[in-house]
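Going down the list, the sequences are from chains A and B. FYI, in the working numbering the residues of the first sequence are 745 to 858. FYI, in the working numbering the residues of the second sequence are 140 to 252. Using N, Cα and C, we set each Cβ at its ideal position, and we do this for glycine too. The structure under discussion appears below in the form of structure tokens.
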Amino acid sequence: DTEVTQTPKHLVMGMTNKKSLKCEQHMGHRAMYWYKQKAKKPPELMFVYSYEKLSINESVPSRFSPECPNSSLLNLHLHALQPEDSALYLCASSQGAGNKETQYFGPGTRLLVL
Amino acid sequence: QKEVEQNSGPLSVPEGAIASLNCTYSDRVSQSFFWYRQYSGKSPELIMSIYSNGDKEDGRFTAQLNKASQYVSLLIRDSQPSDSATYLCAVDMIYNQGGKLIFGQGTELSVKP
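Dropping the structure here:
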């Protein structure tokens, strides 16, 4: 089973709202990732958690705040977003965060910021 | 030079033909290479991973890796209209912190019935 789940599927929010995206996996993976994908572009890495610790932050603005409450869950807290933050947000997981680790993607949350 | 380069396409092939998708990468010591398929509006789905020089076959898909030429390709035999999607090449570059995949821009494949 290589299932990564994400909620919600779609989210519309205003620039003053606070919302959270959730990601869950039950494959025993110890690395989890957040990506942002704009239309017709490849996924762009935002954050990597390895063994529940933040290991990579790709200079993401502070209006995006990741959280890894346990090895199965990953959240992305959103606050004061801009319209240009509208995108597909993808969560992925892998067994570890080393080389040769296959990343499995969830279905994504399509975010629209008004 | 981009770290991972793909022809953006679109690549159009007739049903039943072989589709050939190409990818080059800049870091000679990269070790892990992945092909993902992404249907419009969906998330990337792993097609194949390859780590050693040579060919790796899985059903109608064959990945080919040539580390000396820094080149990885994906062949799709007996292409079907359901193969129409964007194919993303991803490379795990050793000089990066673990877990950072570098994606190419993707090649859009269209299989015509």
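Exercise. How would you write the range of the beta strand (DSSP E) that ASN761 (chain A) sits in, first residue to last?
Worked result: To locate residue 761 (chain A), count along the first sequence from 1; it is residue 17. Where ASN761 (chain A) is concerned, there is no enclosing beta strand (DSSP E), given that its DSSP letter is neither H nor E.
Exercise. Who are the Cβ neighbours of ARG774 (chain A) in its own chain at under 7 Å, not counting the five residues just before and after it?
Worked result: Position 30 of the first sequence holds residue 774 (chain A). Excluding sequence neighbours, ARG774 (chain A) sits near SER794, TYR795, SER815, GLN839, GLY840.
Problem set entry | Cβ pair count under 8 Å reaching 3, the region 205-225 of chain B against the region 171-179 of chain B | The region 205-225 of chain B vs the region 171-179 of chain B: in contact.
For this session: Say whether the region 778-790 of chain A touches the region 829-839 of chain A, bearing in mind that this needs 3 or more beta-carbon pairs closer than 8 Å, one atom from each stretch.
Result: Two segments are said to touch when three or more pairs of C-beta atoms, one from each, lie closer than 8 Å; by this definition the region 778-790 of chain A touches the region 829-839 of chain A.
Exercise. Nearest CA to the CA of GLY852 (chain A): which residue from A:HIS770, A:GLY772, A:PRO787, A:LYS844?
Worked result: Position 108 of the first sequence, counting from 1, holds the residue named residue 852 (chain A). Answer by Cα proximity: A:PRO787.
Problem set entry | Residue of B:VAL152, B:SER147, B:LEU160 minimising C-alpha distance to PRO220 (chain B) | What you label residue 220 (chain B) is simply residue 81 of the second sequence in a count that begins at 1. Looking at the Cα atoms, B:VAL152 is the closest of the given residues.
Exercise. Between ARG854 (chain A) and the rest of its own chain, which residues show a CB-CB distance below 6 Å, the 5 nearest in sequence each way excluded?
Worked result: Counting from one through the first sequence, the residue named residue 854 (chain A) turns up at place 110. Excluding positions up to five away in sequence, the list reads HIS754, LEU832.
Exercise. Given that a residue counts as buried once 16 or more other Cβ atoms are within 10 Å of its Cβ, and exposed if not, what is GLY198 (chain B)?
Worked result: Counted from its first residue, the second sequence places residue 198 (chain B) at position 59. By the neighbour-count rule (16 or more Cβ atoms within 10 Å), GLY198 (chain B) is not buried but exposed.
For this session: For GLU845 (chain A), count neighbouring C-beta atoms within 10 Å of its own C-beta (all shown protein chains included) and say buried if the count is 16 or more, exposed if not.
Result: Here residue 845 (chain A) is taken as the residue at index 101 of the first sequence, counted from 1. By the neighbour-count rule (16 or more Cβ atoms within 10 Å), GLU845 (chain A) is buried.
Exercise. Buried or exposed: SER806 (chain A), going by 16 or more other Cβ atoms within 10 Å of its Cβ?
Worked result: Mapped onto the first sequence, residue 806 (chain A) falls at position 62. The residue in question, SER806 (chain A), is exposed, as its Cβ has fewer than 16 Cβ neighbours within 10 Å.
For this session: Give the straight-line distance between the Cα atoms of ALA824 (chain A) and LEU817 (chain A), rounded to the nearest whole angstrom.
Result: Along the first sequence, one-based indexing puts residue 824 (chain A) at 80. Along the first sequence, one-based indexing puts residue 817 (chain A) at 73. So the alpha carbons of these two residues sit roughly 23 Å apart.
Exercise. From ASP231 (chain B) to TYR848 (chain A), what does the alpha carbon distance come to, in whole angstroms?
Worked result: Taking the first residue of the second sequence as 1, we reach residue 231 (chain B) at position 92. Taking the first residue of the first sequence as 1, we reach residue 848 (chain A) at position 104. C-alpha separation (whole angstroms): 14 Å.
Exercise. Does the Cβ of LEU798 (chain A) have 16 or more other Cβ atoms within 10 Å, making it buried, or fewer, making it exposed?
Worked result: By one-based count along the first sequence, residue 798 (chain A) stands at place 54. Looking at its Cβ environment, which holds fewer than 16 other Cβ atoms inside 10 Å, LEU798 (chain A) is exposed.
For this session: Just the C-alpha distance for LYS762 (chain A) and GLN244 (chain B), rounded to the nearest angstrom, thanks.
Result: By one-based count along the first sequence, residue 762 (chain A) stands at place 18. By one-based count along the second sequence, residue 244 (chain B) stands at place 105. Cα-Cα distance, rounded: 32 Å.
For this session: Just mark LEU858 (chain A) as buried or exposed, buried being the case when its beta carbon has 16 or more other beta carbons within 10 Å.
Result: Translated into the one-based positions of the first sequence, residue 858 (chain A) becomes position 114. LEU858 (chain A) should be labelled exposed.
Exercise. Any idea if ILE241 (chain B) is buried or exposed, counting beta-carbon neighbours within 10 angstroms, 16 or more meaning buried?
Worked result: Position 102 of the second sequence, counted from the first residue, corresponds to residue 241 (chain B). Label assigned to ILE241 (chain B): buried.
Exercise. Going by Cα to Cα distance, which pick from B:PRO149, B:GLY193, B:SER212 is closest to THR163 (chain B)?
Worked result: Reading the second sequence from its first residue, position 24 is the one you call residue 163 (chain B). Minimum Cα distance to THR163 (chain B) is reached at B:SER212.
For this session: Assign PRO810 (chain A) to one of two classes, buried (16 or more other C-beta atoms within 10 Å of its C-beta) or exposed (fewer than that).
Result: Locating residue 810 (chain A) in the first sequence gives position 66, where the first residue counts as 1. Burial call: buried.
Exercise. Along chain B, which residues have their Cβ under 9 Å away from the Cβ of PHE808 (chain A)?
Worked result: Mapped onto the first sequence, residue 808 (chain A) falls at position 64. What PHE808 (chain A) touches in chain B: nothing, since even the nearest Cβ is about 17 Å away.
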